[in-house]
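Participant:
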Ligand SMILES: Nc1nc2c(ncn2[C@@H]2O[C@H](COP(=O)(O)OP(=O)(O)OP(=O)(O)O)[C@@H](O)[C@H]2O)c(=O)[nH]1
Ligand SMILES: [Mg+2]
């Protein structure tokens, strides 16, 4: 499957982020826990250079917690911190707010010595659909940023005041203009970071079935044996779910959409695509 995944407007988003980076004290880099490596965007790395970065392994509720331990170790380093989060759980991001204050303690202290209350500013970045806006809403306890279950919901940058001492910048999800890494492209498509409109959902479902075959996830969800090729399994899934066309044939297109949706919503159990 050929994925043309870099829409032109992302160049503009990246440029706007480059302009704002000077204003922020830290970067909150949101990764999808199911495919952390594929969410690492060389363009974002370049923009964040020299800044303190807090990696958020978001959607941690969709994977086994133990599978993230290795990622935390791998991501952490000098001025690099990592935290796991479920941004849909109320108050979950308190640890992140505390971490932001901690990594900016120097600035806070310097300002305090001059009798000023420092305002910490952070830029929230990441691939589309990784949960940046949801995380920001979690931080402020209100729905200030628009969120949605698809790629490309946030269209422009938006400053959101969390407290008088903490402001975060929501940014549109950005991908990278690199088409050669097929595994990363597929992972990003599986997790919903590439707009479905540019994807062949049937082919994508076949790829996903191929990846999950042998894991037990398909058998558990649909009660089908994980044997044979992906197309045969898709047929069986359609039959098992009772997805039939008028003539009684199985509706494999509908089954394909169901497979992708089930994976994205975690209905197949806790599945990580990339281990550290
Ligand atoms: N299960 C789970 N779902 C989450 C989590 N965080 C966000 N989501 C869901 O992921 C989807 C995308 O969330 P958004 O906050 O709109 O993602 P975004 O990164 O701002 O997306 P763009 O603006 O398109 O770049 C929504 O359906 C959220 O409810 C999480 O920690 N766990
Ligand atoms: Mg958003």
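In the numbering used here, the protein residues as written are 12 to 287. Built from N, CA and C at the ideal position, the CB exists for glycine as well.
From 220, 25, 256, pick the residue whose C-alpha is nearest to that of residue 181; which is it?
Facilitator: 25
Participant: Can you tell me which of the three DSSP states residue 166 falls into?
Facilitator: DSSP places residue 166 in coil when its eight states are reduced to three.
Participant: For residue 66, which of helix, strand or coil comes out of DSSP?
Facilitator: If DSSP states are grouped into helix, strand and coil, residue 66 belongs with the strands.
Participant: So, helix, strand or coil for residue 109, using DSSP?
Facilitator: helix
Participant: Restricting to Cα atoms, I'd like to know which of 98, 112, 139, 115 is closest to residue 152.
Facilitator: Nearest of 98, 112, 139, 115 to residue 152, Cα basis: 98.
Participant: Is the beta carbon of residue 165 within less than 7 Å of some heavy atom of ligand 1?
Facilitator: Residue 165 Cβ: within cutoff of ligand 1.
Participant: In three-state DSSP terms, what is residue 194?
Facilitator: helix
Participant: Buried or exposed: which applies to residue 33, given that a residue is buried once 16 or more other Cβ atoms fall within 10 Å of its Cβ?
Facilitator: Exposed, because fewer than 16 other Cβ atoms sit within 10 Å of the Cβ of residue 33.
Participant: Closer than 6 Å by C-beta to residue 204: which residues in its own chain qualify, once you throw out the five before and the five after it? Chain order, please.
Facilitator: Excluding residues within five positions, the ones whose Cβ falls inside 6 Å are 138, 139, 140, 162.
Participant: Using DSSP's beta-bridge definition, name the partner residues of residue 43.
Facilitator: 69
Participant: CB residue 287 to CB residue 85, shorter than 8 Å?
Facilitator: yes
Participant: Just to confirm the assignment, what range does the beta strand (DSSP E) spanning residue 137 have?
Facilitator: Counting along the chain, the beta strand (DSSP E) containing residue 137 begins and ends at 131 to 137.
Participant: Can the beta-carbon of residue 184 be found less than 8 Å from the beta-carbon of residue 165?
Facilitator: yes
Participant: Whose CA, out of 95, 192, 179, 118, lies closest to the CA of residue 144?
Facilitator: When each option's Cα is compared against that of residue 144, the closest is 179.
Participant: Along the alpha helix (DSSP H) that carries residue 294, what are the first and last residues, could you check?
Facilitator: This structure gives no information on residue 294, because the portion of the chain shown stretches from 12 to 287.
Participant: Using a Cβ-Cβ cutoff of less than 8 Å, which residues in the same chain neighbour residue 131 once the five nearest sequence positions on both sides are dropped?
Facilitator: 36, 37, 111, 112, 115, 118, 119, 176, 177, 178
Participant: Verify the contact flag: residue 185, CB atom, against every heavy atom of ligand 2, threshold strictly below 7 Å.
Facilitator: no
Participant: Is residue 238 near ligand 1, with its Cβ less than 7 Å from a heavy atom?
Facilitator: no
Participant: Check residue 92 in the structure and name its three-state DSSP category.
Facilitator: strand
Participant: Helix or strand or just coil, what does DSSP make of residue 150?
Facilitator: helix
Participant: How long is the line joining the alpha carbons of residue 207 and residue 249, rounded to whole angstroms?
Facilitator: Distance between the alpha carbons of residue 207 and residue 249 is about 20 Å.
Participant: Have a look at the DSSP bridge pairing and note the partners of residue 264.
Facilitator: Its beta-bridge partners do not exist; DSSP assigns none.
Participant: Put residue 100 into one of helix, strand or coil per three-state DSSP.
Facilitator: coil
Participant: Between residue 136 and residue 107, which are expected to be in contact by the criterion C-beta below 8 Å, what is the C-beta distance as a whole number of angstroms?
Facilitator: Wrong, their Cβ atoms sit about 14 Å apart, outside the cutoff.
Participant: Looking only at its own chain, which residues have a Cβ that is under 7 Å from the Cβ of residue 170, when we skip the five neighbours before and after it?
Facilitator: Cβ neighbours of residue 170 within its own chain (closer than 7 Å, five residues either side excluded): 178, 180.
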